[in-house]
Structure formats: structure tokens, C-alpha cells
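Here's the structure, in C-alpha cells; my notes come after.
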Amino acid sequence: MPRVDPQGRLHFKIVFWGPSLSGKTTSLRWIYNNVEGITKGRFVSIEDPTGRTLYFDYTPVSISSKVVFDLYTVAGQRRHKIQRRKVLEGVDGILFVADSDPAQLQENEISMTELRQLLGDKLGREIPLVVLLNKRDLPNAVSKETLLNALKIVPVNIRVYEGIAIRGIGVKQAFKAIVREVLWNYYQRAKQQKAQ
Ligand SMILES: Nc1nc2c(ncn2[C@@H]2O[C@H](COP(=O)(O)OP(=O)(O)O)[C@@H](O)[C@H]2O)c(=O)[nH]1
Ligand SMILES: [Mg+2]
């Protein structure tokens, strides 16, 4: 559930999840630099000297004076599991960034399995999930079907976008989808609570 800050604004937490080097930081930076109509805070990146995410990236964006989205990416390397679990605390929505590189197929699977383990059946229900199949520009990109099979995602239930984060393709659509689902989810739940 979102939290309310001392100024009375609602904060929703959206985490960009996925294996190492799938394009999470690239996607978040693209949103930060290119999506219009949002008010941005500082972009915070905790990375190692080679530019790999060490803990997370973070930026708040607000769509109104009342609503803030706290956007995080996780460090995808396997050894950063504890950091990822920490970043996931209080999450309201997940944007899973998958890598179309055939060499990363299994890493996608491992990353999704970890996410399912951490969130259980909340994933895709109380905590909406949107999938961005990234790096579609790679000449040897795996097929969409292969990637979705590895992730065990049925696109009827979950919104799936194809993208090229380095060119900003598909990123905004996927981002808008997760924002919409997070808000929709919140209002549905607020309505149910009122009715009780
Ligand atoms: N070819 C290609 N490379 C990409 C794409 N998105 C990201 N990359 C590259 O993949 C590498 C890892 O990206 P990064 O955003 O740091 O991945 P992260 O570990 O998920 O945060 C970088 O060299 C990016 O430039 C894409 O759509 N196509
Ligand atoms: Mg990163």
C-alpha cells in the first residue's frame, strides 16, 4: 500500500526488476530525461566504478501535487540478493525488464523465479506486474515466445511490451502501463474498504 508523507502526498513505490544488464537503469534514465508532464526529484545512483548498479537507482517523479511515484531499480547480479529484497519492501508495482540476449535467457528465468519467491501470489494481483522485453534490436534476439516461456508469463494476464531502452522505444508505454495498474489497484482497494 502507498504511504503518506508529512506533506500529505501519496507515495507509490515501483521497482524495475530483472537480471543484471537487462536495461533497468537505461529505462529509468530514459523516463527521467524524456517523459513530459512529470515533476522530477534527484536521480540517485549507487553503482560500482564500472557503472554497474551496486544497490539501486532511485528517483521520485510526481504526476500531481498529491501523488509521487518512487521509482527504483535493483542490482541484478545474483550476489546482490539481500539488497534486492530490501528494495522490494513496500513495493506497489513491478516493471520487469527482460533481456532478449540469448545468452541471458536463463538469467531472466532465475530473476523472475526469485521475484515470485519473494512476493508469492501477491505478484500480479495486489502487486501489479508489467513486463518489458528489452533489447529487441539485437540481431540474435530470442523470440518473444521463447522469452515469455522462460519467464512463465501468459500475456493474456500480464501486460507485455517490446522495447529498445537505448532508443527509448517501448519504455514510456511500459511505464505508463505500470503506473495505470498501480493507481487502478489502489482505487479499487480504497473503494472496497469504503464499502465494508
Ligand atoms: N542493444 C541494446 N543494448 C541495451 C538496451 N538497453 C540497454 N542496453 C545496454 O545494456 C547494458 C546494460 O544496461 P543497464 O541499463 O545498465 O542494465 P541494468 O543492469 O539492468 O541496469 C548497457 O551497456 C546498455 O547500453 C537495448 O535496448 N538494446
Ligand atoms: Mg542498473
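One rule links them: number in this note's numbering = place in the sequence shown (from 1) + 69.
Yeah, the Cβ is synthetic: ideal placement off N, Cα and C, and Gly gets one too.
Less than 9 Å between the beta carbons of Glu202 and Ser96, yes or no?
Sequence inspection shows Leu at residue 202; the Glu mentioned does not correspond to that position. Result no, Cβ atoms of Leu202 and Ser96 do not sit closer than 9 Å.
Please name the residue, chosen from Thr122, Val136, Ser89 and Tyr124, that lies closest to Arg72 on a Cα-to-Cα basis.
Val136
What I want to know is whether the C-beta of Leu207 ends up closer than 8 Å to one or more non-hydrogen atoms of ligand 1.
The answer is yes for Leu207.
Please state the DSSP three-state secondary structure of Glu231.
strand
Which runs of the beta strand (DSSP E), 3 residues or longer, sit entirely within the region 177-213?
198-203
Report all residues from its chain with a CB closer than 8 Å to the CB of Ile227; omit the five preceding and five following residues, and keep chain order.
Short of 8 Å from the beta carbon of Ile227, and not among the five residues preceding or following it, lie these beta carbons of its own chain, in chain order: Gly193, Leu198, Val199 and Val200.
Assuming Val240 contacts Phe81 (C-beta within less than 8 Å), just tell me the rounded distance between them.
Actually they do not touch by this definition, with Cβ atoms about 18 Å apart.
In this structure, does DSSP put Phe244 in helix, strand or coil?
helix
In the DSSP output, what is Phe112 paired with across the bridge?
Phe112 is not bridged to any residue.
Just checking Val166 against ligand 4 - is the residue's beta carbon closer than 8 Å to any of the ligand's heavy atoms?
Summarising the ligand content, the structure contains ligand 1 and ligand 2 and does not contain ligand 4.
When you compare only the Cα positions, how much space is there between Ala243 and Met70?
21 Å
Can you name the start and end residues of the alpha helix (DSSP H) that Ile100 belongs to?
Lys93 to Asn103
How should Arg205 be labelled, buried or exposed, when 16 other C-beta atoms within 10 angstroms of its C-beta is the threshold for buried?
buried
Quick check on the burial criterion: 16 or more other C-beta atoms within 10 angstroms. Buried or exposed for Asp139?
With 16 or more Cβ atoms within 10 Å of its Cβ, Asp139 is classed as buried.
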